[in-house]
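*Asks:* I'd like to ask some things about the structure below.
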Amino acid sequence: MPGPTADLFADDALQQPGGREQIGEESYVLRGYALHWIERLLPELRRVLAQSPFRQMVTPGGFTMSAALSSCGELGWTTDSSGYRYSRFDPRSQQPWPTMPDALRELAVLAAQEAGFIDFAPDACLINRYVPGAKMSLHQDKNERRYSAPVVSVSLGLPAIFLFGGHERSHRTQRISLFHGDVVVWGGVDRLRFHGVMPIKEGVHPIMGSQRINLTFRTAG
Ligand code: SIN
Ligand code: FE2
1200 MPGPTADLFA
1210 DDALQQPGGR
1220 EQIGEESYVL
1230 RGYALHWIER
1240 LLPELRRVLA
1250 QSPFRQMVTP
1260 GGFTMSAALS
1270 SCGELGWTTD
1280 SSGYRYSRFD
1290 PRSQQPWPTM
1300 PDALRELAVL
1310 AAQEAGFIDF
1320 APDACLINRY
1330 VPGAKMSLHQ
1340 DKNERRYSAP
1350 VVSVSLGLPA
1360 IFLFGGHERS
1370 HRTQRISLFH
1380 GDVVVWGGVD
1390 RLRFHGVMPI
1400 KEGVHPIMGS
1410 QRINLTFRTA
1420 G
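Residue numbers (the numbering used here): 1200 to 1420.
Structure (structure tokens):
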């Protein structure tokens, strides 16, 4: 029976850094694209999170999200009993969100280019933290003012099964394994496709520990 080591090798075999997998007409998984950025990225991320720590937010329907959230950039995505929205201020501190570190912005802009979206100018980076068991239900990213810019999503830590659906919640979804360093970009005709994340499996990532962190860059304002 394969042990944890065998699983790890299987993940590596799937990842093949540098590979670009097309998952939609204008959507790609860039395998391992963020791996070279990790050393620059993690200290910046720590600084952001010291200023605006992860917190669990409540949906308008009254459910507490299993993923904990933070943000950086001019706008941060929030949810509470009165709805989903972007805000200039962290509701916890009433202060502006931390500025988006250059390393994060550059990574997002280059990844967007790699997927065919030139001049991506993100003003919002949502930071999701998933512990084992946490998930993200199928949803569309549609609180942004315009949909002309793509969504760039960076996966760190524990692997996840990403669900990439269609334009209706009921459409069939592709199940895509995402690993530490993978980047997904969707935009254009795919910009409003439903997506989500299956419950994260127990595990310990050698660098990130027992969690998955996802950074989602968007142009919101
Ligand atoms: C999101 O859609 O906000 C997060 C997606 C992910 O965690 O991969
Ligand atoms: Fe999303």
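Don't be surprised by glycine CBs; every beta carbon is placed ideally from N, CA and C.
Taking DSSP as the reference, what is the three-state secondary structure of G1386?
*Replies:* coil
*Asks:* Counting Cβ pairs, one atom from each stretch, are 3 or more of them under 8 Å apart for the region 1397-1406 and the region 1344-1364?
*Replies:* With a cut-off of 8 Å, the region 1344-1364 and the region 1397-1406 count as touching, because enough Cβ pairs lie within range.
*Asks:* Going by the C-beta, is H1235 closer than 7 Å to any heavy atom of the ligand FE2?
*Replies:* no
*Asks:* Quick check for students: name the residue ranges of the beta strand (DSSP E) that lie wholly in the region 1266-1309, counting only runs of 3 or more.
*Replies:* 1275-1279 and 1282-1286
*Asks:* What's the C-alpha gap between G1386 and R1291?
*Replies:* 31 Å
*Asks:* Under 6 Å Cβ to Cβ from I1412, same chain only, skipping five residues before and after it: list those, please.
*Replies:* R1328, L1355 and G1356
*Asks:* What does a CB cutoff of less than 6 Å around R1219 pick up in its chain, not counting 5 residues either side in sequence?
*Replies:* Y1227 and L1229
*Asks:* Between A1263 and the ligand FE2, is the CB less than 7 Å from at least one heavy atom?
*Replies:* Ala is not the amino acid found at residue 1263; the sequence shown has Thr there. Because no heavy atom of the ligand FE2 lies under 7 Å away, the Cβ of T1263 does not count as near it: no.
*Asks:* DSSP three-state call for H1235: helix, strand or coil?
*Replies:* helix
*Asks:* Within 10 Å of its beta-carbon, does E1343 have 16 or more other beta-carbons around it, so buried, or fewer, so exposed?
*Replies:* buried
*Asks:* Return the residue from the list P1300, Y1285, P1321 and G1223 that minimises the CA-CA distance to L1244.
*Replies:* P1300
*Asks:* Quick one: residues in its chain with C-beta nearer than 8 Å to the C-beta of R1254, no 5 flanking neighbours on either side, listed in chain order?
*Replies:* A1267, L1268, S1269 and R1291
*Asks:* So, with DSSP's three-state summary, where would you put H1417?
*Replies:* Rather than His, the amino acid found at residue 1417 in this sequence is Arg. Looking at R1417 - three-state DSSP - the assignment turns out to be strand.
*Asks:* Determine the closest residue to L1184 out of T1277, R1392, S1280 and G1260, with distance taken between C-alpha atoms.
*Replies:* As displayed, the chain neither begins before 1200 nor continues past 1420, which places residue 1184 out of reach and without an answer.
*Asks:* Just verifying my parser: in three-state terms, what is the DSSP assignment at A1359?
*Replies:* strand
*Asks:* If you drop the 5 nearest sequence neighbours on each side, which residues of the same chain put their C-beta closer than 6 Å to that of E1225?
*Replies:* G1386, G1387, V1388 and D1389
*Asks:* Can you check the region 1319-1374 for any beta strand (DSSP E) of at least 3 residues that lies completely inside it and give the ranges in chain order?
*Replies:* 1323-1329, 1335-1338, 1350-1356 and 1359-1363
*Asks:* Any idea what DSSP makes of R1219, helix, strand or coil?
*Replies:* strand
*Asks:* Please look up how many angstroms separate the CB atoms of D1322 and L1274, rounded, as I've assumed it's under 8 Å.
*Replies:* 6 Å
*Asks:* Report yes if the C-beta distance between A1310 and V1351 is below 8 Å; otherwise report no.
*Replies:* Between A1310 and V1351, the C-beta spacing is below 8 Å.
*Asks:* Go ahead and pull the three-state DSSP assignment for L1391.
*Replies:* coil
*Asks:* Would you kindly report the start and end of the unbroken beta strand (DSSP E) that includes Q1255?
*Replies:* R1254 to V1257
*Asks:* Determine the closest residue to H1366 out of V1384, R1345 and D1340, with distance taken between C-alpha atoms.
*Replies:* D1340
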